[in-house]
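Participant:
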Amino acid sequence: MIDKEVATPAEAVADIPDGASLAVGGFGLSGNPMALIDALLAQGTTDLSIVSNNCGVDDWGLGVLLNARRIRKMTSSYVGENKEFERQFLSGELELELTPQGTLAEKLRAGGSGIAAFYTQSGVGTQVSEGGLPRRYDGSGGVAVASPAKDVRSFDVSGRARDYVLEEAIVTDFALVHAWRGDRHGNLVFHKAARNFNPLAAMAGRICIVQVEELVEPGVLDPDAVHLPGVYVHRIVEVGTGIEKRIEKRTVTARGEA
């Protein structure tokens, strides 16, 4: 078996070129591969096309790349927490392919599974299937690029005919992923909510780069506890358990009021 460990996040992302496409794990601020994102920021890579559930916030997650004008296009399902994202999109600086969340997850999974496309009910009867969703504005309030119409077919499922829209799978040049534990062969275990889009992003990348909080020797992980097998992983770097983990919105109740 191949030892996939690399020494530093900078070494792990060193060959990601300008113009690359990336699948990036995380949901909100949970499970963001921040060490890899920061390393990519530091090396100056630009003109990126990124597939991720969201684009972080102004100073965290993919938001740090966005603020540095390193992202050309986002394929996301949610963009509501980032003011700079809104500004760049409405001004025509950023292209956005807005995708239903479950559809985005399945597009990534399909790409990693060798499935070219699939039919789903999500988006039928809306601009998702009919086309016309703004992808890029012209800076003056007009739409410069709009989404195309997609193929819609009727299928008889369980004795009831319904319409389904064709969605194409996503495969990217690279994937950036955060995991809780991993071994040198690339087998991964994710922790609670940080599991989110990380396994799916890992599957979709032709080259998958993973940061783990703890790197262990092969054989330490219980095979039944592995969430993603090492066949999907190409590089793994240990970042330690002391990394910062942010929470988007914290709600607390005074003691005794619960």
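This note's numbering numbers the first residue of the sequence shown as 288 and each following residue consecutively. Glycine included, C-beta positions come from ideal geometry on N, C-alpha and C.
Quick check on the burial criterion: 16 or more other C-beta atoms within 10 angstroms. Buried or exposed for Asp470?
Facilitator: When all chains shown are included, Asp470 counts as buried.
Participant: Between which residues of its own chain and Asp419 is the CB-CB distance below 6 angstroms, once the five residues before and five after are set aside?
Facilitator: Per the sequence shown, the amino acid found at residue 419 is Gly instead of Asp. Once the five neighbours on either side are set aside, the close Cβ partners of Gly419 are Ala433.
Participant: I believe Lys360 touches Glu382 by the beta-carbon criterion, under 8 angstroms. Please report the beta-carbon distance rounded to the nearest angstrom.
Facilitator: So it is a contact: roughly 4 angstroms between Cβ atoms.
Participant: Pick helix, strand or coil for Tyr451, following the three-state DSSP scheme.
Facilitator: Reduced to three states, the DSSP call for Tyr451 is strand.
Participant: What does the alpha-carbon distance come out to for the pair Val366 and Ala322?
Facilitator: One C-alpha to the other measures close to 22 angstroms.
Participant: By alpha-carbon positions, which one of Leu352, Ser336, Arg447, Arg423 ends up nearest to Leu377?
Facilitator: Looking at the Cα atoms, Arg423 is the closest of the given residues.
Participant: For Val458 and Gly428, what's the separation of their Cα atoms in angstroms?
Facilitator: Looking at the two C-alpha atoms, the distance is approximately 32 angstroms.
Participant: Express the C-alpha separation of Ser363 and Leu328 in angstroms, rounding to a whole number.
Facilitator: The straight-line gap from Cα to Cα measures roughly 20 angstroms.
Participant: Count the other C-beta atoms from every protein chain shown that fall within 10 angstroms of the C-beta of Ile303, then say buried if there are 16 or more, exposed otherwise.
Facilitator: Flag for Ile303 reads buried.
Participant: Relative to the C-alpha of Asn483, which candidate in Trp467, Ile494, Thr295, His472 has its C-alpha closest?
Facilitator: Of the listed residues, the one whose Cα sits closest to Asn483 is Trp467.
Participant: Using the C-alpha atoms, what's the distance from Val351 back to Asp325?
Facilitator: If I take the Cα positions, the gap works out to 8 angstroms.
Participant: Exposed or buried, Glu393, counting other C-beta atoms within 10 Å across all chains shown (16 or more means buried)?
Facilitator: Flag for Glu393 reads buried.
Participant: Quick test of your reading: Pro505 and His472, contact by CB under 8 angstroms. State the CB separation rounded to the nearest angstrom.
Facilitator: Confirmed, Cβ separation roughly 5 angstroms.
Participant: Can you tell me whether DSSP reads Gln498 as helix, strand or coil?
Facilitator: Gln498: strand per DSSP, three-state reduction.
Participant: What does DSSP give as the partner residues of His465 in its beta bridges?
Facilitator: Looking at the DSSP assignment, His465 forms a beta bridge with Gln498.
Participant: Cα separation between Asp346 and Asn354?
Facilitator: Roughly 8 angstroms between the two C-alpha positions.
Participant: Distance, Cα to Cα, Leu475 vs Gly426?
Facilitator: Approximately 43 angstroms, taken between the alpha carbons.
Participant: Answer yes or no: do Glu455 and Ala404 have a C-beta to C-beta separation smaller than 8 angstroms?
Facilitator: Yes. Within cutoff.
Participant: Helix, strand or coil, according to DSSP, for Val503 in the structure here?
Facilitator: Correct three-state label for Val503: strand.
Participant: Would you kindly report the start and end of the unbroken beta strand (DSSP E) that includes Arg422?
Facilitator: That run of the beta strand (DSSP E) goes 421 to 424.
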